[in-house]
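First comes the structure, then the notes that go with it.
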Amino acid sequence: MLPRSGDVLQVTRDASVQFNNPILFRVIRVLDWPTYDGWLWLDGYELNMSGDAVERRTIFVQQNGLRRFLSPAPAPRRAPEAARTGRLATGRARV
């Protein structure tokens, strides 16, 4: 998987031994620097668990060790009470 701008990755020891403690990383770009076959230089932001950027970093990783981070799907939105029950918030029926 070749990362693209905006991808959020989970970077673990599978990507490089320096990531004994996994990090979340939002890709800005894949750098076109010379490297070994299967390795990449990535420019981006380390994220906290809330998804906020905490530090800009350039990391050297194995492409096969990268995993896209899939955040949990947002909870479905509830319809307003009037749409669910046919009653207004005051308890009166809609006409």
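Residues 685 to 779, numbered by our numbering, are exactly what the sequence shown covers, in order. Ideal placement from N, C-alpha and C gives every residue a C-beta, glycine not left out. None of these values were measured; they are calculated from a predicted model.
Taking buried to mean at least 16 other C-beta atoms within 10 Å of its own C-beta, is residue i buried or exposed?
i, result
"glycine 690", "exposed"
"valine 701", "exposed"
"valine 695", "buried"
"leucine 715", "exposed"
Report yes if the CB atom of residue i is closer than 8 Å to the CB atom of residue j, and no otherwise.
i, j, result
"arginine 710", "leucine 731", "yes"
"tryptophan 723", "valine 745", "yes"
"methionine 685", "leucine 754", "no"
Which whole-angstrom value describes the C-beta separation of residue i and residue j, a residue pair presumed to lie in contact below a C-beta threshold of 8 Å?
i, j, result
"threonine 742", "aspartate 727", "5 Å"
"leucine 693", "arginine 752", "6 Å"
To test your reading of the DSSP string, which unbroken beta strand (DSSP E) runs of 3 or more residues are found completely within the stretch 692-723? You should have 692-695, 707-715.
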